[in-house]
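S.K.: Residue numbers (our numbering): -4 to 462. C-beta: ideal position from N, C-alpha, C; glycine also. Sharing a structure here in structure tokens format.
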DNA sequence: CTATGGCACGGATT
DNA sequence: AATCCGTGCCATAG
């Protein structure tokens, strides 16, 4: 049944036909840039379609469809609640964040396809900062990251191979390490942690001796021998625990894990380009409250309409073209309606999603709540497949600038994984996988021994006899 | 001999 | 219908 009729659209949506439904689904499946392409081609083909130029906000430069003032600039000021502010942006600003317009300029020919995304992503950030003659070097370095974002080759080798002084190699590496997955391109987890710690120390306060702890006691930390660690550093056991807690909460020994780990199998739809995100989430900067601003890119939403002149002209259409024109007009009307519907669904979906995962967005991975598409579908009175399509192939940019696939918001095994992590943190004696499995069973998580092992490695925790 | 990681199969999820 | 994920079995490392 057509449950979705019940929802209240922004503007009145006329009754849905099957064609309507089918096309809405098709549109929903596309992400912002794909939709952009699709509509552009439709525009050039179909004379019945017309683009309203919209209005450009004189403050932020955004385009918005209707009269009144720019929703982006006015809403945040009036907002008081913790409700996220959601609005739709009809235009994609390509390369808006970095100003790096065309990636083709950068030599990435040696990149292995699976990791292309990560390499591109990093390259895009650092490209403006490195001199042109070092770009090849950077590309080579990025091509030799492993799936965890760590460098697999020695700087000395690179220097020799490219016939450049090692200092230049090192300065490029430094740049890479400070790019978004902070610590990416480090030769080892230890170095990655150190970099992250340093970057982090500029914004928040870090526990004393944390740096020393990583430098000298890296293996002690990973083996969870805290009393040893405390002895070496001359600090209390309690303090050692605090340091460990800080590290495991804020740092990531494998920079690329989590963000890019799930894209790694190499079957990305559009492998050549790193597409701009479909939604951008930012914190309200102007106001004193901390509500979230959510910008959804939905190309031409509200701008695309049926050309009224065409509608009139159809009366006087030449005999042989009248059927053609009629079908053009129908298609145009359908497309406009479906686009409206798509936007509407996206807004509702994202709104709900943001509310549920608010903590995750603000505080990071640790606060991700378990969620399945089926659950969300029930809440929104939509069909599961609708959610699936809406989520598929889309990405979101978080306030901290990270870009993640929207599917990351849905994870059913995450609560079990955190439970597992806390169990390992709590227990003093190294527990074997089967023992952990038993403990998890007590907490209500029915998982097999084999699964525990998998989660462990997902979290980057060493096997029990090595801790 | 026990704990772990690899491969592969079946059921759940999308 | 395609894909992902948990799980069982088996080889291997400790």
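1) How about residue 302 and residue 43: are their beta carbons less than 7 Å apart?
2) Following the continuous alpha helix (DSSP H) through residue 12, name the residue where it begins and the one where it ends.
3) Measuring only the C-alpha atoms, how far is residue 186 from residue 30?
4) Residues in its own chain within less than 7 Å of residue 267 by CB, not counting five upstream and five downstream?
5) CA-CA distance, residue 410 and residue 19?
6) Counting only runs that start and end within the region 158 to 239, where is the alpha helix (DSSP H) found for 4 or more residues in a row?
7) Alpha carbon to alpha carbon, how far is residue 171 from residue 193? Give it in angstroms, no decimals.
8) Excluding sequence positions up to five away, which residues of its chain have a Cβ less than 8 Å from the Cβ of residue 454?
9) Looking at residue 80 and residue 346, is the spacing between their C-beta atoms short of 7 Å?
10) Pull the bridge partners of residue 319 from the DSSP assignment, please.
11) Does DSSP classify residue 344 as helix, strand or coil?
12) Should residue 333 be labelled buried (16 or more other beta-carbon atoms within 10 Å of its own) or exposed?
13) According to DSSP, is residue 386 part of a helix, a strand, or is it coil?
14) Determine the direct distance from the alpha carbon of residue 137 to that of residue 239, and round the result to whole angstroms.
15) The alpha helix (DSSP H) with residue 447 in it runs from where to where?
16) Could you pull out every residue in the same chain whose Cβ sits closer than 6 Å to the Cβ of residue 362, ignoring the five residues on either side in sequence?
17) Which one of 426, 295, 308, 350 has the shortest CA to CA distance from residue 336?
18) Quick check on the burial criterion: 16 or more other C-beta atoms within 10 angstroms. Buried or exposed for residue 232?
19) Tell me whether residue 131 sits in a helix, a strand or coil according to DSSP, three-state version.
20) Could you give the distance in angstroms between the alpha-carbon of residue 61 and the alpha-carbon of residue 34?
21) Bridge partners of residue 45, per DSSP?
22) Keeping to the same chain, check which residues put their C-beta closer than 6 Å to that of residue 327; ignore five residues upstream and five downstream.
23) Rounded to whole angstroms, what is the Cα-Cα separation between residue 460 and residue 191?
24) Between residue 456 and residue 441, what straight-line distance do the alpha-carbon atoms span, to the nearest angstrom?
25) Please report the distance separating the alpha-carbon of residue 253 from that of residue 307.
26) What are the boundary residues of the beta strand (DSSP E) that includes residue 290?
27) Using CA coordinates, which residue listed in 449, 400, 435, 424 is at the minimum distance from residue 26?
28) What separation, rounded to the nearest whole angstrom, lies between the Cα atoms of residue 445 and residue 428?
29) Kindly indicate which three-state DSSP category residue 28 falls into: helix, strand or coil?
30) If I follow the unbroken beta strand (DSSP E) through residue 278, where does it start and stop?
31) Excluding the five sequence neighbours on either side, which residues of its own chain have a C-beta within less than 8 Å of the C-beta of residue 183, listed in chain order?
32) For residue 404, which residues of its own chain have a beta-carbon under 6 Å away from its beta-carbon, when the five flanking residues on both sides are left out?
33) First and last residue of the alpha helix (DSSP H) that includes residue 355?
34) Fully enclosed by the region 393 to 417, which beta strand (DSSP E) runs are 3 residues long or longer?
35) Are there 16 or more other CB atoms within 10 angstroms of the CB of residue 316, so buried, or fewer, so exposed?
M.R.: Concretely, from the data shown:
1) yes
2) No alpha helix (DSSP H) holds residue 12; DSSP gives it neither H nor E.
3) 41 Å
4) At residue 267 the pLDDT is 26, less than 50, meaning the model places this residue with poor confidence; the figure from the coordinates comes in the next sentence. The answer is none, since no qualifying residue turns up.
5) 34 Å
6) 161 to 173, 184 to 196, 205 to 217, 221 to 228
7) 14 Å
8) 412, 415, 416
9) no
10) In DSSP, residue 319 forms no bridge with anything.
11) helix
12) buried
13) helix
14) 30 Å
15) 444 to 453
16) 354, 355
17) 295
18) exposed
19) helix
20) 20 Å
21) 300
22) 41, 43, 44, 301
23) 28 Å
24) 20 Å
25) At residue 253, the pLDDT of 48 sits below 50, so the modelled position is not reliable and the matter cannot be decided from this model.
26) 287 to 292
27) 400
28) 8 Å
29) helix
30) 274 to 278
31) 145
32) 348, 352
33) 353 to 358
34) 398 to 400
35) exposed
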